[in-house]
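Protein chains in written order, with our numbering: chain D, 1 to 112; chain X, 1 to 114. We put the beta carbon where it would ideally sit given N, CA and C, even for glycine. Here the structure is a predicted model, which is why all the values come from computation and not from measurement. Data block below; observations after.
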């Protein structure tokens with residue numbers, strides 16, 4: 001079965017600084033990979049997804065992620081963080097059965 | 001994508017009672033799912049709601065505790081039965097439109113059991 005690890009429970013970043021959130025997965029083949037964001041009191045919003053092709057994918061709100069097969073990683077990045085990016089971020093992996101496995105999540109705090 | 005609504009958005013319930021959560025989608029979808037997010041935790045899949053047949057439950061979840069209905073391709077309900085404080089969670093409905101395995105989530109139902 002597939003699994004997802006998000007090594008960082010909590011990250012604090014200054015507004016305007018860059019952000020990188022780590023995600024490692026375990027799966028024998030090329031998985032479907034996703035990043036979701038959950039703002040306080042909200043549901044999950046899809047930021048971006050990777051199925052195949054170009055390993056650098058662009059998403060909404062200025063986020064991008066890079067799939068690295070050799071490292072089994074799918075890290076999320078944003079060049080310049082805004083205060084509204086404070087939220088919980090979840091990495092998820094799908095293995096072809098329409099079920100998603102989620103990582104534990106990373107809480108991002110943005111300081112002024 | 002799909003627009004998903006859930007009712008109620010939040011509720012406070014007494015132990016021993018049951019609550020039914022509704023999930024409505026603005027278009028017909030292939031797959032519908034129910035997740036639980038316990039306080040401070042990640043999402044755990046409860047079951048896949050199958051149209052016209054019994055839901056498929058994940059390990060640790062049973063039909064008697066979480067009965068699910070899916071009468072058509074745009075609507076599903078999840079009932080949390082005989083509630084205890086341990087059932088206090090956010091319950092999320094999601095749908096897959098069949099494009100890869102992308103799932104879109106509803107806003108969630110925040111349940112507090114006293």
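Any idea what DSSP makes of residue i, helix, strand or coil?
| i | result |
| --- | --- |
| residue 61(D) | helix |
| residue 113(D) | In the structure as shown, chain D begins at 1 and stops at 112. Residue 113(D) is therefore absent and cannot be evaluated. |
| residue 77(D) | strand |
| residue 37(X) | strand |
| residue 38(D) | strand |
| residue 26(D) | strand |
| residue 3(D) | strand |
| residue 70(D) | helix |
| residue 6(X) | strand |
| residue 108(D) | strand |
| residue 13(D) | strand |
| residue 25(X) | strand |
| residue 94(D) | strand |
| residue 45(D) | strand |
Buried or exposed: where does residue i fall if 16 or more other Cβ atoms within 10 Å of its Cβ makes it buried?
| i | result |
| --- | --- |
| residue 99(D) | buried |
| residue 83(D) | exposed |
| residue 54(D) | exposed |
| residue 103(X) | buried |
| residue 78(D) | buried |
| residue 38(D) | buried |
| residue 36(X) | buried |
| residue 94(X) | buried |
| residue 89(X) | buried |
Taking the runs of the beta strand (DSSP E) that are 3 residues or longer, which of them lie wholly in the segment 39-113 of chain X?
-> Fully enclosed beta strand (DSSP E) runs of 3 or longer: 43-49, 68-72, 75-80, 89-96, 103-105 and 109-113.
Taking 8 Å as the threshold, find out whether the segment 49-69 of chain D comes into contact with the segment 20-39 of chain D through three or more Cβ pairs.
-> The segment 49-69 of chain D vs the segment 20-39 of chain D: in contact.
Taking one C-beta from the segment 10-19 of chain X and one from the segment 27-41 of chain X each time, how about it: are there three or more such pairs within less than 8 Å?
-> Output reads no: the segment 27-41 of chain X does not touch the segment 10-19 of chain X.
Chain X contacts from the segment 10-32 of chain D (Cβ-Cβ distance under 8 Å) | Against chain X - using a Cβ distance shorter than 8 Å - the residues of the segment 10-32 of chain D are 32.
Would you call the segment 101-111 of chain D and the segment 47-65 of chain X touching, i.e. three or more CB-CB distances under 8 Å?
-> In short, these stretches do not touch, since the Cβ pair count stays below three.
Members of the segment 86-110 of chain X that neighbour chain D once the beta carbon cut-off is set at 7 Å | From the segment 86-110 of chain X, only 92, 96, 100, 101, 102, 103, 104, 105, 106, 107 and 108 have a Cβ closer than 7 Å to chain D.
Residues within the segment 42-65 of chain D neighbouring chain X, beta-carbon criterion of under 7 Å = Of all residues in the segment 42-65 of chain D, the ones placed with a Cβ closer than 7 Å to any Cβ belonging to chain X are 42, 43, 44, 46, 49 and 51, in chain order.
Is the segment 20-39 of chain X touching the segment 65-81 of chain X, taking contact as three or more C-beta pairs under 8 Å?
-> Taking a cut-off of 8 Å on C-beta distances, the segment 20-39 of chain X touches the segment 65-81 of chain X, as three or more cross pairs fall below it.
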